[in-house]
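Novice:
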Amino acid sequence: MAMSEIRSGGFEYVRPLKPLHFPVEEKVPESQRHFELRMELYQLLSFHLAERATVGSDQFLYFDASNPKACLAPDVFLKLGTRGPEIESWKTWERGTPDLAIEIASRSDAPDEPWQQKLERYHRLGVRELVLFNHRAVRKVRIWDYVDGDLAERKLAADQPAPCVVLGLWWVTVTHERWGSSLRLAHDAAGRQLVRSQLESEIAGRQAEAEARQAEAEARRVAEARVRELEQTLAALRKREG
């Protein structure tokens, strides 16, 4: 083979190149529950973090440039920093290791491999914080942290808020009007101040505006009633003096 036939990028190489193909999509069945809970978290984090992170959902995440099979597809994942370009697939050697990954367990979306094997892949990935939400389990939330080269599971009490170390927030489970329970983030350990999605923020904003208009109208009504009362009192005084 002529040397000119193995040129690439202006350089010559001692053997023909063997490009690897890293797929960007695969059709996998997904239940409606899984889709809605996944999208709620993705939209919430995308809105809350705005330009402070790159957030992905269900894209292939590759962590070995020599092995296209070394991959994961987290339900939601993010890397802190300025928002990056559109994600088709995520290659750690190009975009770095995500800081946070979230998996939502679903019977109909059960992976081909046991969770332990997926956990080993997350260990190899080196993700800082891994969260598993399983609405059917006694402990609905399980969390692993990357500590000194080990991906270690935290000891957590069932259904109690747990710190999200990556974001400085709290993981909480809340009642979902359709699916029973869902995973959310809160600003406080009590879980009362939930991190809002864009839709929730817009609804809260409209509600606050409506309440402000109502309070203003009530204040105006009280003031006008007071003016009428004073006018009547003044009229009565003038009548007596006359």
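With numbering that gives the first Met the number 0 applied, the sequence shown covers 0 to 241.
All C-beta atoms, glycine included, are put in the ideal place defined by N, C-alpha and C.
(1) Excluding five sequence neighbours on each side, which residues of the same chain lie with their C-beta closer than 7 Å to the C-beta of residue 73?
(2) The alpha helix (DSSP H) that contains residue 121, what's its start and end?
(3) List the endpoints of the continuous beta strand (DSSP E) containing residue 282.
(4) Exposed or buried, which one is residue 20 when buried takes at least 16 other CB atoms within 10 Å?
(5) State whether the region 76-85 contacts the region 29-39, with contact taken as three or more CB pairs (one from each stretch) at a distance under 8 Å.
(6) Taking only the alpha-carbon atoms, compute the straight-line gap between residue 47 and residue 29 and give it to the nearest angstrom.
(7) Nearest CA to the CA of residue 136: which residue from 157, 147, 121, 126?
(8) Roughly how many angstroms separate the alpha carbons of residue 201 and residue 142, rounded to a whole number?
(9) Let me check understanding here. Comparing Cα to Cα, which of 37, 49, 184 lies closest to residue 105?
(10) For residue 2, does the three-state DSSP call read helix, strand or coil?
(11) If contact is defined by three or more beta carbon pairs under 8 Å, each pair taking one atom from either stretch, is the region 123-135 in contact with the region 177-184?
(12) Given a cut-off of 8 Å, decide if residue 172 and residue 139 are closer than it, judged by their beta-carbon atoms.
Specialist: Quick answer:
(1) Within the sequence shown, residue 73 is the residue found at index 74, counting from 1. Correct list, in chain order: 60, 100, 101, 102.
(2) Start at 1 with the first residue of the sequence shown, and residue 121 comes out as number 122. Per DSSP, residue 121 belongs to the alpha helix (DSSP H) from 114-124.
(3) This structure cannot settle anything about residue 282, because the visible part of the chain is limited to 0 through 241.
(4) Numbered from its first residue, the sequence shown carries residue 20 at position 21. Counting Cβ neighbours within 10 Å, residue 20 comes out exposed, since fewer than 16 surround it.
(5) no
(6) Here residue 47 refers to the residue found at position 48 of the sequence shown. Here residue 29 refers to the residue found at position 30 of the sequence shown. Going from the Cα of residue 47 to the Cα of residue 29 covers about 26 Å.
(7) Sequence index remark: in the sequence shown, residue 136 carries index 137 (1-based). Of the listed residues, the one whose Cα sits closest to residue 136 is 157.
(8) On the sequence shown, position 202 is the one that residue 201 refers to. On the sequence shown, position 143 is the one that residue 142 refers to. When rounded, the distance between both Cα atoms is 31 Å.
(9) Within the sequence shown, the letter at position 106 stands for residue 105. The residue with the shortest Cα to Cα distance from residue 105 is 37.
(10) The count along the sequence shown starts at 1 and reaches residue 2 at position 3. Since pLDDT at residue 2 reaches only 41, below the 50 mark, its modelled position is unreliable, and the value read off the structure follows with that caveat. Reduced to three states, the DSSP call for residue 2 is helix.
(11) yes
(12) Translated into the one-based positions of the sequence shown, residue 139 becomes position 140. Translated into the one-based positions of the sequence shown, residue 172 becomes position 173. Cβ atoms of residue 139 and residue 172: closer than 8 Å.
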